[in-house]
Structures are given as C-alpha cells and as structure tokens.
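Numbering (the numbering used here), first residue to last: 68 to 466.
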Amino acid sequence: MANPLEGKTVLLGVTGSIAAYKAADLASKLTQAGAKVDTILTENATQFVAPLTFRSLTHRPVVTNLFDLESEEAIEHVALAQRADILVVAPATAHTLAKLALGLADDALTTAAIATAAPLMVAPAMDAHMWEHPSVQEHIATLTARGAHVAGPASGRLASGLIGHGRMLEPEALVGHIKLVLAQSGDLNGRKIVVTAGGTQEPIDPVRVVTNHSTGKMGYAIAEAARDRGADVILVTATTNIVTPINVTSINVTSVAEMRTAVLDSCVGADALVMAAAVSDYRPTQVAEQKIKKNGQDGGMTLEMVKNPDFFVEVPAGVLRIGFAAETENLLDNARAKVDSKALSLIVANDVTKEGSGFGTDTNQVTLIDAAGEAEELPLLSKYEVGHRILDRIVELLK
C-alpha cells in the first residue's frame with residue numbers, strides 16, 4: 068500500500084490569519100508527498116499570502132471568490148469540493164470556525180465545505196483568549212460532533228505577544244494529521260501493531276551505560292507507516308531524538324527489563340509485534356551506586372557482563388512476531404537461525420556495514436526472510452518505504 072497521500076486530492080482552505088504563511092509550506096509538503104492540492108483563499112487570506120504563491124507551489128487551481136468568470140468550470144469551488152478527498156482548513160480563524168459550525172455559506176470556502184462529502188479537518192489559529200472563549204469552544208464541539216478532525220492548536224508565542232494555546236500546528240505535524248484522517252480506510256484499520264525502536268541502555272554506574280549505535284529511525288518509520296494504514300500503533304521506544312508520529316502511543320523505556328515489561332503488556336490483544344529495537348544482549352553483572360573513579364593514571368577497568376534474557380519468546384501466542392537482524396557478516400545464515408530460534412513469522416535482515424544502510428541513515432537495504440526460509444532482497448529504500456514493505460507482509464500474514 069502506498070503513502071495515503073499519493074494521488075489524493077486535498078482541498079486546502081486558507082483564511083485570514085498571520086499563520087497563513089505556514090499554509091504555503093503545507094501545500095508544498097503535500098505536493099511533494101504526492102497529493103494534488105487545490106486551494107481556496109478567503110478574501111482576508113489574500114491580505115497575508117498571494118494566490119500566485121499557491122499556484123506556483125501546487126500547479127493546481129486557486130480560487131479566491133465565489134464566481135470566477137475566468138474559470139473553465141461554471142462554479143469552480145463546487146467542482147473542487149466534489150473531487151476532494153479531504154477538506155483541510157489551515158489556518159482556521161475563529162470567524163471561519165463559527166461559519167463552518169453554523170453551516171453558513173457566504174464565500175467560496177464555506178460554500179465548498181457545504182458542497183463536499185469529504186472529511187473535514189481544521190487547524191485553529193488565533194489569540195489564546197479567543198481560543199478559550201466559550202463560543203469558539205462550542206463551535207469546536209459542534210464540528211467535532213459532526214466528525215470533523217481538529218488538529219491543534221499548539222501552545223507557544225502568539226502574534227499578539229501572549230504565550231498560550233492558539234498557535235497553528237507546524238506543517239509537518241499537519242501532514243501527519245491529514246494522513247491520519249485518510250488512513251481510516253487503510254488495510255490495517257482496526258488492527259493493533261506494537262513496534263519497538265532505538266537502542267536500549269544498561270547502566271554501569273550513575274553516569275555510564277552500555278548501549279549501541281541504534282538511533283530508532285527504522286522503528287519510528289515503521290510506526291508511522293502502520294499509522295498511515297489505519298493501525299492502532301503502540302511504539303515502545305528507547306531514548307531517541309525523534310518526534311513521535313501523530314496519533315502513535317509512545318512508551319519510553321531505557322533498559323531491556325523496562326522494554327520487556329512494556330512490550331509484553333502492550334502485546335495483550337495485539338495483532339503483530341515488530342521488534343525493530345536494538346536490544347542489548349548483555350548487561351553489567353553489578354551496577355555501581357557511585358561513579359566509578361579512575362584507578363590511577365594508567366589503570367584499566369574490567370567489566371563483567373551477564374546475558375539478558377530473550378523476552379521475544381514470551382510474547383503471547385497469536386501475535387505475529389517480526390524480528391530484525393542487524394549483521395556485519397553471514398547475513399542470511401545468521402538471520403535464518405533467528406527465525407527458527409525465535410519462532411518468527413518474518414525477519415528483516417540488513418548488513419549495517421553497507422553504505423546507506425543501518426544505523427543513523429534515512430535509507431535501508433534489507434532482505435525479508437519468512438518462516439520457510441524464503442528470502443526477498445529489497446533495493447535501497449527510504450526507511451518509511453521499507454516499513455510499508457514489511458507491513459505488506461504483515462497484511463498478508465494476518466489474512
């Protein structure tokens with residue numbers, strides 16, 4: 068299954084807010100992601116951004132009034148409404164939210180909102196006191212009750228100088244929300260997928276740890292891809308610097324013991340577990356209560372280690388087990404051995420010494436090996452695309 072934005076038509080409504088400049092970035096990101104973006108600007112929006120900006124970014128129609136005599140279609144805003152897969156109003160001012168909630172249709176945008184059968188998503192942007200006003204909250208409640216998706220607002224510094232809620236979400240976050248709405252018809256809708264990510268850490272003393280080079284990018288990409296296919300996703304993650312994808316439940320852990328507890332708890336009622344995390348095989352036998360000091364200028368340190376238990380075998384029966392094998396040699400032999408020892412439905416094997424593959428990269432080249440030992444070598448892909456290829460297999464296994 069492709070990116071949920073691929074080939075979809077997003078009708079973007081832009082209203083009169085200083086945050087309108089972010090809408091141009093949003094239109095660009097949606098276009099780059101494969102969506103067709105049609106734009107409707109309210110009259111007030113044109114005071115902040117020019118229609119030509121959106122036409123240049125999307126190469127698609129831009130409507131600014133109800134009746135455009137230059138349009139090839141008699142009533143263009145209605146035509147845009149009918150072919151839209153989703154209507155996104157970003158930014159959505161208090162005034163526009165009120166009109167949408169009341170069903171008013173006195174401009175091209177609100178008329179299109181009445182004319183479309185597509186789902187509605189609004190990204191509020193206004194002063195904090197305006198956002199907190201009872202009338203605004205009532206309009207939000209009305210729209211939510213009708214099935215509209217409300218994205219934000221975030222808290223931060225506002226144009227008025229106040230600090231509070233009312234700031235429109237950043238375009239990257241809005242893309243995630245749009246994917247979430249479109250994913251409701253995905254092939255993993257109603258499924259629960261647990262994904263692990265990152266490298267666990269085992270303490271030596273209060274300052275030092277034993278860990279590995281995993282950054283968590285692969286696990287986060289799988290979690291995002293599963294979200295984009297409609298799954299209920301739980302991400303059990305070791306420490307990373309990556310922002311959790313929208314609508315993904317994140318459980319933060321540090322050690323293998325913490326990851327074990329979180330994974331086994333999360334797997335109750337789950338359909339599949341994807342163990343993309345780099346789990347520490349060993350931990351120090353003893354953890355010093357205080358920082359270990361240097362033993363003389365030339366002194367060394369011997370660290371005694373004990374093997375961590377493999378909790379993969381404790382995963383409840385009925386949960387598909389998808390493993391990872393990050394290897395530096397004998398890739399297929401080592402991966403096939405793990406398939407048998409861990410009773411895996413699928414293992415994702417990759418040679419971390421290859422250029423563009425492994426830890427810290429945005430791409431990966433992997434080989435998928437099933438329970439029968441059959442291998443499928445994939446080309447170098449983005450980790451998000453690799454995530455979808457893994458999920459393609461999961462979809463087939465779940466059938």
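A virtual CB, placed ideally from N, CA and C, is assigned to each residue, including glycine.
As the structure is a prediction and not an experimental result, all values here were calculated from the model.
- Item | Status (buried if at least 16 other CB within 10 Å, exposed otherwise) for Met368 | The residue given as residue 368 occupies position 301 in the sequence shown. By the beta-carbon neighbour count (other beta carbons within 10 angstroms, threshold 16), Met368 is exposed.
- Query: For Gly243, does the three-state DSSP call read helix, strand or coil?
  - Reply: Within the sequence shown, numbered from 1, the residue matching residue 243 stands at position 176. If DSSP states are grouped into helix, strand and coil, Gly243 belongs with the helices.
- For the 8 Å Cβ check, are there 3 or more pairs between the stretch 393 to 400 and the stretch 373 to 383? By the C-beta criterion, the stretch 393 to 400 is judged not to be in contact with the stretch 373 to 383, since fewer than 3 inter-stretch pairs fall below 8 Å.
- Query: Measuring CA to CA, which of Arg150, Pro158 and Thr278 is closest to Gly83?
  - Reply: Residue 83 sits at position 16 when you count from the first residue of the sequence shown. Each of Arg150, Pro158 and Thr278 was checked against the Cα of Gly83, and the nearest Cα belongs to Pro158.
- Under 7 Å, do Val315 and Arg294 count as touching if we go by C-beta distance? Along the sequence shown, one-based indexing puts residue 315 at 248. Along the sequence shown, one-based indexing puts residue 294 at 227. Between Val315 and Arg294, the C-beta spacing is below 7 Å.
- From Asp332, Gly253 and Ser202, residue whose alpha carbon lies closest to that of Val462: Translated into positions along the sequence shown, residue 462 becomes position 395. Here the closest residue by C-alpha is Gly253.
- Item | Element boundaries [alpha helix (DSSP H), containing Ser95] | If you number the sequence shown from 1, residue 95 lands on position 28. Counting along the chain, the alpha helix (DSSP H) containing Ser95 begins and ends at Ala87 to Gln99.
- Message: Taking the alpha-carbon of Val53 as reference, which of Thr352, Thr125 and Leu331 has the nearest alpha-carbon?
- Response: Any question about residue 53 goes unanswered here, given that the chain covers just 68 to 466.
- Item | Short Cβ contact (7 Å threshold) for Thr263 with Val303 | Numbered from its first residue, the sequence shown carries residue 263 at position 196. Numbered from its first residue, the sequence shown carries residue 303 at position 236. It is a contact, given that the beta carbons lie within the stated cut-off.
- Item | Spatially closest choice to Ala184 from Gly390, Ser333, Asn308 and Thr76, by CA coordinates | Within the sequence shown, numbered from 1, the residue matching residue 184 stands at position 117. Nearest C-alpha to Ala184: Thr76.
- Query: Can you tell which of Tyr287, Lys360 and Asn279 has the C-alpha that lies nearest to the C-alpha of Val323?
  - Reply: Residue mapping note: residue 323 aligns to position 256 of the sequence shown, counting from 1. Ranking the options by Cα distance to Val323, first place goes to Asn279.
- Message: Per DSSP, what are the beta-bridge partners of Met188 in this structure?
- Response: The sequence position of residue 188 within the sequence shown is 121, counting from 1. The secondary-structure analysis by DSSP pairs Met188 across a beta bridge with Val155 and His216.
- Range of the contiguous beta strand (DSSP E) that encloses His162: Numbered from its first residue, the sequence shown carries residue 162 at position 95. For His162, there is no enclosing beta strand (DSSP E); the enclosing alpha helix (DSSP H) has its first and last residue at Ala161 to Leu169.
- Is it the case that the Cβ atoms of Asp272 and Lys361 are separated by a distance below 7 Å? Locating residue 272 in the sequence shown gives position 205, counting from the first residue. Locating residue 361 in the sequence shown gives position 294, counting from the first residue. Taking a C-beta distance under 7 Å as the contact criterion, Asp272 and Lys361 do not qualify as a contact pair.
- Query: Going by Cα to Cα distance, which pick from Ala392, Gly440 and Lys409 is closest to Val433?
  - Reply: What you label residue 433 is simply residue 366 of the sequence shown in a count that begins at 1. Of the candidates Ala392, Gly440 and Lys409, the one whose C-alpha sits nearest the C-alpha of Val433 is Ala392.
- Message: Rounded to the nearest angstrom, what separates Ala290 and Ile301 at their Cα positions?
- Response: As a first step, residue 290 is located in the sequence shown; it is residue number 223 there, counting from the start. As a first step, residue 301 is located in the sequence shown; it is residue number 234 there, counting from the start. So the alpha carbons of these two residues sit roughly 8 Å apart.
- Query: Is it true that the CB of Met342 sits closer than 7 Å to the CB of Gly283?
  - Reply: On the sequence shown, residue 283 is found 216 positions in, with the first residue counted as 1. On the sequence shown, residue 342 is found 275 positions in, with the first residue counted as 1. Annotated as distal: Gly283 and Met342, with beta-carbon spacing of 7 Å or more.
- Could you check how far apart the C-beta atoms of Gly427 and Arg403 are, in whole angstroms? I think they sit under 8 Å. What you label residue 427 is simply residue 360 of the sequence shown in a count that begins at 1. What you label residue 403 is simply residue 336 of the sequence shown in a count that begins at 1. Incorrect: roughly 26 Å between the Cβ atoms, too far for contact.
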